[in-house]
Amino acid sequence: MTRFCSFDVRQVSITDGFWAERLRINRESSLPYGLEQLREAGNLDNLRLAAGAPGTYRPADPLPFLDSDVYKWLEAAGWELGRRGDPGLAAAADEVIALVAAAQRPDGYLNSYVQVVGGNGPYRDLSWGHELYCLGHLIQAAVAWRRALGDDRLLTVALRAVAHVPEKLVDGHPGIEMALVELGRVTGDRRHAERAASMIELRGRGILPGADRFGAAYWQDHEPVRDAAEVAGHAVRQLYLDCGAVDVAVELGDDRLLAAVRRRWDDMTRTRTYLTGGLGSRHRDEAFGDPYELPPDRAYAETCAAIASVMLAWRLLLATGDPGYADAIERAMFNGVLGGLSLTGTRFFYTNPLQRRTHRAPGDDGLRQPWYRCACCPPNLMRLLSSWPQYLATYDVSGVQLHQYASADIASGPIQLRVRTGYPWDGRVTVTVAATPPEPWTLSLRVPRWSRAATLTGPDGTSAVGPGVVKRHRRWRAGDVAELRLDLPARVTAPDPRIDAVRGCVALERGPLVYCLESADAPARTEIEELTFDAGRAPELVPRPDIAESMVGVSVPVAGHGTAGAIPYFAWANRTPGGMRVWIPR
Numbered sequence: 024m025t026r027f028c029s030f031d032v033r034q035v036s037i038t039d040g041f042w043a044e045r046l047r048i049n050r051e052s053s054l055p056y057g058l059e060q061l062r063e064a065g066n067l068d069n070l071r072l073a074a075g076a077p078g079t080y081r082p083a084d085p086l087p088f089l090d091s092d093v094y095k096w097l098e099a100a101g102w103e104l105g106r107r108g109d110p111g112l113a114a115a116a117d118e119v120i121a122l123v124a125a126a127q128r129p130d131g132y133l134n135s136y137v138q139v140v141g142g143n144g145p146y147r148d149l150s151w152g153h154e155l156y157c158l159g160h161l162i163q164a165a166v167a168w169r170r171a172l173g174d175d176r177l178l179t180v181a182l183r184a185v186a187h188v189p190e191k192l193v194d195g196h197p198g199i200e201m202a203l204v205e206l207g208r209v210t211g212d213r214r215h216a217e218r219a220a221s222m223i224e225l226r227g228r229g230i231l232p233g234a235d236r237f238g239a240a241y242w243q244d245h246e247p248v249r250d251a252a253e254v255a256g257h258a259v260r261q262l263y264l265d266c267g268a269v270d271v272a273v274e275l276g277d278d279r280l281l282a283a284v285r286r287r288w289d290d291m292t293r294t295r296t297y298l299t300g301g302l303g304s305r306h307r308d309e310a311f312g313d314p315y316e317l318p319p320d321r322a323y324a325e326t327c328a329a330i331a332s333v334m335l336a337w338r339l340l341l342a343t344g345d346p347g348y349a350d351a352i353e354r355a356m357f358n359g360v361l362g363g364l365s366l367t368g369t370r371f372f373y374t375n376p377l378q379r380r381t382h383r384a385p386g387d388d389g390l391r392q393p394w395y396r397c398a399c400c401p402p403n404l405m406r407l408l409s410s411w412p413q414y415l416a417t418y419d420v421s422g423v424q425l426h427q428y429a430s431a432d433i434a435s436g437p438i439q440l441r442v443r444t445g446y447p448w449d450g451r452v453t454v455t456v457a458a459t460p461p462e463p464w465t466l467s468l469r470v471p472r473w474s475r476a477a478t479l480t481g482p483d484g485t486s487a488v489g490p491g492v493v494k495r496h497r498r499w500r501a502g503d504v505a506e507l508r509l510d511l512p513a514r515v516t517a518p519d520p521r522i523d524a525v526r527g528c529v530a531l532e533r534g535p536l537v538y539c540l541e542s543a544d545a546p547a548r549t550e551i552e553e554l555t556f557d558a559g560r561a562p563e564l565v566p567r568p569d570i571a572e573s574m575v576g577v578s579v580p581v582a583g584h585g586t587a588g589a590i591p592y593f594a595w596a597n598r599t600p601g602g603m604r605v606w607i608p609r
């Protein structure tokens with residue numbers, strides 16, 4: 024069933040430009056900062072308690088899923104160390120791995136909350152306890168260390184923990200399903216994928232107790248996974264569940280299960296996805312709302328949900344080859360994901376609204392926070408960025424496919440490519456064939472759905488290309504160049520009229536980027552709530568080196584006030600606190 028194969032972490036190296044800078048900040052700032060926060064918040068001390076050290080579990084009102092944040096950080100560290108040596112990071116990760124191993128009980132069970140706080144013992148609170156969810160993140164960290172470094176220390180811990188889990192259990196928070204499939208792939212043991220398949224089949228049978236709080240749909244236990252036509256409930260839970268369903272479908276050749284996920288994805292992207300790629304419109308239960316219920320100011324749009332959408336779209340892309348999934352990855356990464364992280368890499372948003380009012384309630388400064396009591400998003404950002412090079416391209420028997428654009432060196436057996444680009448600020452993408460086999464093969468490049476004009480120039484000449492995938496099959500020679508040029512004007516986007524909250528508004532986009540107005544760029548003595556879009560004048564591009572090197576902003580015509588500056592949504596809230604809006608009345 025799998026159409027495309029992903030590259031090993033060592034086969035793709037991002038060399039410079041936009042994504043190289045984001046990955047550098049993640050490596051040099053976010054990862055060290057994240058470990059410091061895990062120490063200060065008590066996550067590591069809780070594992071020490073499980074290993075037998077004296078002390079008190081933190082926080083005082085304990086959360087049952089804190090181990091998962093340690094595992095996400097370890098996964099990020101594994102991907103980073105697989106690409107380049109870093110003695111400081113390696114030593115810190117070694118210390119954490121030793122701590123995790125020491126916390127494991129002799130029988131294989133591992134969960135600091137249950138081991139220290141107690142409760143009713145293992146697997147007694149599957150609805151809210153997050154035990155299998157935490158184990159899923161441990162497995163994913165173990166897989167990263169095996170694949171990136173050939174290091175089996177975490178894998179040994181994970182396998183012992185999995186062996187302790189009884190059959191026929193379902194966790195209130197999905198996540199272990201996709202982890203089990205990956206575990207089967209790295210160990211060659213098909214039984215792990217079959218166990219994940221069993222968990223998929225058990226969900227939707229109403230077996231999770233405690234549904235009175237938010238209802239069975241909150242954790243997708245209201246309808247069998249094969250039958251559910253729409254996404255429902257807690258957004259991250261739904262997306263993680265569907266990641267596992269795709270992995271099971273691919274591993275076991277289950278076309279019907281894959282079709283069910285694709286059906287839900289189509290419904291979600293059509294009726295429940297924000298312009299930024301954000302997901303989840305309800306704060307009460309971190310859930311999807313009704314179709315077209317997408318209020319900009321009340322958007323929940325949890326950072327973890329945007330990350331989960333990237334994970335799911337990537338799996339669907341590998342399974343089907345449909346470039347629409349790569350388009351979704353691009354939109355989510357540049358907007359919904361990066362918006363959750365400051366330009367310094369040390370401040371974070373949990374939720375990502377598309378509008379912040381100039382005058383807010385006391386205590387709401389509109390800025391990212393240094394950490395959270397429930398800190399699921401920060402280490403999730405770290406692990407996604409650490410693994411990001413693996414999302415750029417794929418290969419199959421026909422050749423190599425480029426899905427995301429960044430300056431990178433890519434090696435696929437005898438095929439070696441050098442990609443150079445100033446994307447997303449510049450639309451030129453140059454691909455040089457550095458090495459090639461003598462036989463013909465196909466180079467495929469994605470032309471984004473937003474593209475209005477694109478050309479491809481290569482050894483066979485220049486031609487206009489439309490959105491989708493452009494392929495060139497030939498006998499390549501070392502030194503051959505293919506150059507994709509994407510036109511990048513500012514675009515004025517109107518919302519679907521069924522989205523009541525933004526009817527009569529417009530948004531500004533350029534390439535993969537969604538733009539927003541901030542108070543700092545409003546005309547003098549005006550607030551952004553006063554501004555309306557002047558449709559009689561066209562937006563213009565302006566450089567914004569005051570925000571970041573090479574950044575391109577948009578000068579937005581506003582009625583009665585001349586112009587206002589717009590910057591990429593991912594860069595908002597990095598200056599003086601103020602108002603922000605993506606959708607502008609007209």
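Counting in my numbering, the sequence shown runs from 24 upward without gaps.
Cβ atoms here follow ideal geometry from the backbone N, Cα and C, with glycine treated the same way.
- A buried status is given to Pro447, since no fewer than 16 other beta-carbon atoms sit within 10 Å of its beta-carbon.
- Of the residues Pro87, Tyr373, Arg287, Phe41, the one whose Cα lies closest to the Cα of Val139 is Pro87.
- For secondary structure counted as the alpha helix (DSSP H) over 4 or more consecutive residues, the segment 152-214 holds these complete runs in sequence order: 154-172, 176-187, 199-210.
- The three-state secondary structure of Cys327, taken from DSSP, is helix.
- Comparing alpha-carbon positions, the option among Ala398, Pro535, Ser221 lying closest to Pro189 turns out to be Ser221.
- Annotation for His215: Val185, Leu203, Val204, Leu206, Gly207 place their beta carbon closer than 8 angstroms to its own, counting only its chain and skipping 5 residues before and after.
- Tyr418 and Ala331 have their C-alpha atoms roughly 23 angstroms apart.
- The three-state reading of DSSP puts Tyr592 in helix, counting H, G and I together.
- Annotated three-state conformation of Tyr56 is helix, per DSSP.
- Under the DSSP assignment, Thr292 falls in the alpha helix (DSSP H) whose first and last residues are 278-294.
- Taken through DSSP and simplified to helix, strand or coil, Gly502 comes out as coil.
- In the three-state reduction of the DSSP assignment, Met334 falls in the helix class, which pools H, G and I.
- Every beta strand (DSSP E) stretch that sits fully inside the segment 520-598 and reaches 3 residues is listed by chain position as 528-533, 536-541, 563-566, 575-581, 585-591.
- Boundaries of the alpha helix (DSSP H) around Val259: 258-275.
- Check the Cα spacing between Ala73 and each of Ala64, Ser150, Ala124, Glu572: the tightest is with Ala124.
- One Cα belongs to Leu275, the other to Arg33, and the distance between them is close to 28 angstroms.
- For Gly105, no beta strand (DSSP E) segment is defined; the enclosing uninterrupted segment is the alpha helix (DSSP H) at 90-106.
- Counting only runs that start and end inside the segment 31-81, the beta strand (DSSP E) elements of at least 3 residues fall at 35-39.
- For the pair Ser542 and Gly445, the CB atoms are not nearer than the 7 angstroms cut-off.
- Straight across, the Cα-Cα distance linking Arg293 with Ala252 is about 13 angstroms.
- In this structure, DSSP gives Trp394 a state outside helix and strand, which the three-state scheme calls coil.
- With respect to the 7 angstroms criterion, Val454 and Val442 are classified as neighbours on the basis of their beta carbons.
- Judged by beta-carbon spacing, Val605 lies beyond the 7 angstroms limit of Leu361, meaning their Cβ atoms are not closer than that value.
- One Cα belongs to Ser53, the other to Pro482, and the distance between them is close to 43 angstroms.
- For Ile607, DSSP records a beta bridge to Val529.
- Each residue's CA atom was taken as its position, placing Pro401 and Lys95 some 9 angstroms apart.
- Rounded to the nearest angstrom, the gap between the Cα atoms of Arg287 and Val529 is 27 angstroms.
- If you check the CB distance, Val269 and Arg338 come in under 7 angstroms.
- Three or more Cβ pairs closer than 8 angstroms define a contact, and the segment 384-400 falls short of that threshold against the segment 558-576.
- Note that the segment 506-515 touches the segment 533-551; at least 3 beta-carbon pairs, one per stretch, sit closer than 8 angstroms.
- In the three-state reduction of the DSSP assignment, Arg305 falls in the strand class, which pools E and B.
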